[in-house]
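Taking numbering that gives the first Met the number 0, the leading residue of the sequence shown gets 0, the next gets one more, and so forth.
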Amino acid sequence: MNKNIQIHDLGLLGYNEAYKYQLNLFNKIIDIKISNRKNKVKKLTSNHLIFVEHLKVYTLGKSGKHSNLLISKDELKNKKIQFIKTNRGGDITFHGPGQIVCYPILDLDNFFTDLNKYLRSLEEVIIQTLKSYKIDGERSKNETGVWIKSKKIEKKICALGVKASRWVTMHGLALNVNTDLSFFENIIPCGIKNKSITSISNECGKKIKLDDVKGKIIENFLDVFSANLVD
């Protein structure tokens, strides 16, 4: 079992370019696992944590409804926002500057083979991260992600959507830090009506340094997954 995790920070990058990057790592791990089984060997598989800030894009998960996009192709073009169908779980969401997207490419055989536990663990990483900003993040019954309760109104601050094959994961979470929340007005986020979206900066009333948040995510990820950091 290998619980070492390598960090990749891609900076500001288009969705498709980042997808190719994570898919390459994902496929390499899959290939090792197939080879191990075929040749009856135990070559260690690697684990990766990718950080990226996407250019403006709406992504629709494999279980999502196109009707949850509320603007036309022409409006997307005028606003210079991409629309991409992807193979993660979940419905529609927005990615853009000021948002931290984190893609864990993990072999869960190195940790635990339980997808529900994996999702809850990702949520826990963000809940612990938010505590550093005196924000009480919570889970919402029957919904994935991390939420903030304000005057009995639930506001989503972090969206989750993953894919797994042979216990290898890709895709992940999107945490609103300094995100322009007006872009969520053009969709029904995650296909959930009558719930709001928020960000760390919105809750704190000031702009937040992304690198500081990334550092806290890494620290909490290593703690929750009992993992180690490697170069």
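All C-beta atoms, glycine included, are put in the ideal place defined by N, C-alpha and C.
Can you tell me where the alpha helix (DSSP H) holding residue i begins and where it ends?
| i | result |
| --- | --- |
| Gly214 | Leu209 to Val223 |
| Ala226 | Unbroken run through Ala226: none, as it is neither H nor E. |
| Asp30 | Tyr14 to Asn38 |
Under DSSP, the beta strand (DSSP E) around residue i begins and ends at which residues?
| i | result |
| --- | --- |
| Thr58 | Val56 to Leu59 |
| Glu52 | His47 to His53 |
| Thr143 | Glu142 to Ser149 |
| Glu153 | Ile152 to Ser164 |
| Ser139 | Gly136 to Ser139 |
| Tyr102 | Gln98 to Ile104 |
Beta carbon of residue i: closer than 7 Å to some heavy atom of the ligand FAD?
| i | result |
| --- | --- |
| Glu16 | Among the components modelled here there is no ligand, and therefore nothing to report on the ligand FAD. |
Would you mind stating whether residue i and residue j have Cβ atoms separated by less than 8 Å?
| i | j | result |
| --- | --- | --- |
| Asn1 | Asn46 | yes |
| Ile4 | Asn219 | no |
| Val212 | Ile99 | yes |
| Tyr57 | Ile31 | no |
| Asp179 | Gly60 | no |
Who are the Cβ neighbours of residue i in its own chain at under 8 Å, not counting the five residues just before and after it?
| i | result |
| --- | --- |
| Ile207 | Tyr132, Val176, Asn177, Ile199 and Ser200 |
Taking residue i and residue j to be in contact with their CB atoms under 8 Å, please state how far apart those CB atoms are, rounded to whole angstroms.
| i | j | result |
| --- | --- | --- |
| Gly160 | Gly89 | 4 Å |
Once the 5 residues before and after residue i are set aside, which same chain residues still bring their CB inside 6 Å of it?
| i | result |
| --- | --- |
| Asn42 | Residue identity differs from the one stated: residue 42 is Lys in this sequence, not Asn. Counting only Cβ-Cβ distances below 6 Å, and skipping sequence neighbours, we find Ile31 and Asn35. |
| Ile70 | Asn185 |
| Lys140 | none |
| Gly13 | Leu54 |
- request: Taking 8 Å as the threshold, find out whether the stretch 161-179 comes into contact with the stretch 22-34 through three or more Cβ pairs.
  value: yes
The stretch 7-20 in contact with the stretch 62-79 per 3-pair CB rule at 8 Å: no
message: Below 8 Å, how does it come out for the stretch 45-53 and the stretch 64-74: are there three or more Cβ pairs, yes or no?
response: no
query: Pairing CB atoms from the stretch 103-115 with CB atoms from the stretch 190-210, are three or more of them under 8 Å?
result: no
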